[in-house]
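>
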Amino acid sequence: MLENLDVVAIAALLPLTACMLVTQVDPYHALIIRGILGAVAALVYALFGAADVALTEALVGTMLSITLYAIAVRSSMSLRLGTLATAAPNLDAAVPSALGQQLFPALRQAIKKHHLRLEVLPYASPQALQFALENKEIHAVCVPAEQLATTQGTDDVAAPYLLNVRIPRLYETLAAALPPELVAVSFSRALRLTSAAPPPPDSQLQNALEG
Amino acid sequence: MNGILLAMILALLIPIYEAWQDEDIWQKMLAFASIATKTSIMILVVSVLRDDWMIGLVGVLILSVGNAALMLLAHIIRRLNEA
Chain A
49 MLENLDVVAI AALLPLTACM LVTQVDPYHA LIIRGILGAV AALVYALFGA
99 ADVALTEALV GTMLSITLYA IAVRSSMSLR LGTLATAAPN LDAAVPSALG
149 QQLFPALRQA IKKHHLRLEV LPYASPQALQ FALENKEIHA VCVPAEQLAT
199 TQGTDDVAAP YLLNVRIPRL YETLAAALPP ELVAVSFSRA LRLTSAAPPP
249 PDSQLQNALE G
Chain B
50 MNGILLAMIL ALLIPIYEAW QDEDIWQKML AFASIATKTS IMILVVSVLR
100 DDWMIGLVGV LILSVGNAAL MLLAHIIRRL NEA
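Protein sequence lines correspond, in order, to chains A and B. Using this note's numbering, the first residue of the first sequence is number 49, and each one after it goes up by one. Using this note's numbering, the first residue of the second sequence is number 50, and each one after it goes up by one.
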């Protein structure tokens with residue numbers, strides 16, 4: 049036992065890193081720890097004389113698997129949010145300023161706890177937005193509250209924006225996390241929007257102040 | 050000879066502790082790079098101690114090619130933080 053102390057110590061690294069791996073919560077952190085586990089496993093295999101297994105573990109188990117899993121996690125753990133793009137050609141300018149400055153940071157903060165990321169997809173018209181929501185291309189729709197058809201209008205007129213979520217679990221998360229004075233969160237699998245393009249929020253604010 | 054390996058195992062425990070404790074993802078990547086290099090060097094040391102050329106060849110391959118995973122993962126994480 050004592051003459052093989054180094055072998056025992058190296059072999060003990062494998063369950064140590066494996067326990068580190070299963071206690072990770074963030075999927076990206078878990079991927080990095082998986083790479084560490086692969087490196088230690090390749091060391092243990094080489095120590096026991098299995099050079100071919102060590103090479104396969106290092107190339108396939110570490111390099112290929114964590115790269116593929118990183119792409120899979122990146123494409124699956126995202127909240128696809130559809131917004132209305134105005135006639136401005138620049139995408140950054142297309143999103144109204146209040147959306148970019150207040151709502152998106154709050155939304156990112158709310159979904160960051162669940163390791164999701166926000167993916168904003170601007171759509172040209174309300175019809176395209178409705179179509180995308182009904183065809184499950186996007187998970188949620190964020191529009192100005194005036195854009196909603198009056199038949200489905202909510203009583204909560206204080207919030208300047210409406211966030212309609214298609215997925216129940218996501219709705220529960222966002223309704224609890226987002227401030228109600230900023231955005232009204234609703235749950236519906238189909239949304240009816242007015243076709244008329246709304247005036248920009250800044251001019252609405254000026255009209256309200258002047259009126 | 051066992052003393053060399055035991056010292057290298059102790060040195061390997063430092064980045065493992067760092068990867069376990071630090072919540073910053075780039076610190077974890079640094080610890081991953083450190084561990085990947087250290088384990089490859091340990092494979093080379095074992096191959097020299099045992100006079101086994103097959104293990105030595107595998108150690109060289111892991112040392113040179115294995116860090117490509119680190120580079121690919123770093124690119125994906127960087128693009129994730131930019132988005």
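We treat Cβ as the ideally placed atom computed from N, Cα and C, and that holds for glycine.
Just the Cα atoms here: how many angstroms apart are Ile186(A) and Ile159(A)?
Here residue 186(A) refers to the residue found at position 138 when the first sequence is read from its first residue. Here residue 159(A) refers to the residue found at position 111 when the first sequence is read from its first residue. Going by the C-alpha atoms only, they are around 16 Å apart.
> Tell me, to the nearest whole angstrom, how far the beta carbon of Ala106(A) is from that of Ala133(A); I am working on the premise that it is less than 8 Å.
Position 58 of the first sequence holds residue 106(A). Position 85 of the first sequence holds residue 133(A). Going by Cβ atoms, the distance from Ala106(A) to Ala133(A) rounds to 47 Å, so no, they are not a contact pair.
> Expressed to the nearest angstrom, what Euclidean distance is found between the alpha-carbon atoms of Thr88(B) and Leu61(B)?
Your numbering for residue 88(B) matches position 39 in the second sequence. Your numbering for residue 61(B) matches position 12 in the second sequence. Cα to Cα, the separation comes out at about 8 Å.
> Can at least three beta-carbon pairs, one atom from the region 65 to 81 of chain B and one from the region 72 to 86 of chain A, be found at a separation below 8 Å?
Verdict: yes, contact present.
> I'd like to check one pair, Leu169(A) with Leu218(A): are the Cβ atoms closer than 8 Å?
To locate residue 218(A), count along the first sequence from 1; it is residue 170. To locate residue 169(A), count along the first sequence from 1; it is residue 121. No, the Cβ-Cβ distance between Leu218(A) and Leu169(A) is not below 8 Å.
> Find out if the Cβ-Cβ distance for the pair Ala94(A), Ile104(B) is shorter than 8 Å.
Position 46 of the first sequence holds residue 94(A). Position 55 of the second sequence holds residue 104(B). Yes; because the gap between Cβ atoms is below 8 Å, this pair is in contact.
> What's the C-alpha gap between Leu122(B) and Leu93(B)?
Residue numbering aside, residue 122(B) sits at position 73 when the second sequence is read from its first letter. Residue numbering aside, residue 93(B) sits at position 44 when the second sequence is read from its first letter. Their backbone Cα atoms lie some 25 Å apart in a straight line.
> Please name the residues in the region 84 to 116 of chain B whose beta-carbon is closer than 7 Å to at least one beta-carbon of chain A, in chain order.
Correct list: Ile84, Ala85, Thr88, Met91, Ile92, Val95, Met103, Ile104, Val107, Gly108, Leu110, Ile111, Val114 and Gly115.
> When you compare only the Cα positions, how much space is there between Val191(A) and Leu210(A)?
As a working note, residue 191(A) is residue 143 in the first sequence. As a working note, residue 210(A) is residue 162 in the first sequence. Spanning the two alpha carbons is a distance of roughly 5 Å.
> Contact defined as beta carbons within less than 8 Å: I believe Thr65(A) pairs with Ile65(B). What is the distance between those atoms, to the nearest angstrom?
Indexing the first sequence from 1 puts residue 65(A) at position 17. Indexing the second sequence from 1 puts residue 65(B) at position 16. About 7 Å; that satisfies the 8 Å criterion.
> Would you mind sorting Asp100(A) into buried or exposed? The rule is 16 or more other CB atoms within 10 Å of its CB.
What you label residue 100(A) is simply residue 52 of the first sequence in a count that begins at 1. Exposed, since its Cβ has fewer than 16 Cβ neighbours within 10 Å.
> Measure from the C-beta of Ala60(B) to each C-beta in chain A and report whether the shortest distance is under 8 Å.
Within the second sequence, residue 60(B) is the residue found at index 11, counting from 1. No, no contact with chain A.
> Sort Asp101(B), Val97(B), Asp100(B) and Leu110(B) by Cα distance to Ala102(A) and report the nearest one.
Here the question's residue 102(A) lines up with position 54 in the first sequence. For the residues Asp101(B), Val97(B), Asp100(B) and Leu110(B), the minimum Cα distance to Ala102(A) belongs to Leu110(B).
> Taking just the CA atoms, how far does Leu112(A) sit from Arg127(B)?
In the second sequence, the residue the question calls residue 127(B) occupies position 78. In the first sequence, the residue the question calls residue 112(A) occupies position 64. Between Arg127(B) and Leu112(A), the C-alpha separation is close to 18 Å.
> Going by beta-carbon coordinates alone, are Asn68(A) and Trp69(B) separated by less than 8 Å?
Counting from one through the first sequence, the residue named residue 68(A) turns up at place 20. Counting from one through the second sequence, the residue named residue 69(B) turns up at place 20. The sequence as given places Met at residue 68(A); Asn does not occur at that position. For Met68(A) and Trp69(B), yes; Cβs fall inside 8 Å.
> Between which two residues does the alpha helix (DSSP H) holding Phe96(A) run?
Position 48 of the first sequence, counted from the first residue, corresponds to residue 96(A). Note, Phe96(A): premise wrong, no alpha helix (DSSP H); not H, not E.
> If we define contact as Cβ-Cβ less than 8 Å, is His77(A) a contact residue for chain B?
As a position in the first sequence, residue 77(A) is number 29, starting the count at 1. Answer yes: the Cβ-Cβ gap between His77(A) and chain B drops below 8 Å somewhere.
> Look at the alpha carbon of Glu72(B) and the alpha carbon of Ala98(A), and state the distance between them as a whole number of angstroms.
Mapped onto the second sequence, residue 72(B) falls at position 23. Mapped onto the first sequence, residue 98(A) falls at position 50. Looking at the two C-alpha atoms, the distance is approximately 34 Å.
> For Glu67(B), which option in Ala82(B), Gly115(B) and Ile53(B) has the closest C-alpha, if you only look at C-alpha atoms?
Within the second sequence, numbered from 1, the residue matching residue 67(B) stands at position 18. Checking every option, the nearest Cα to that of Glu67(B) belongs to Ala82(B).
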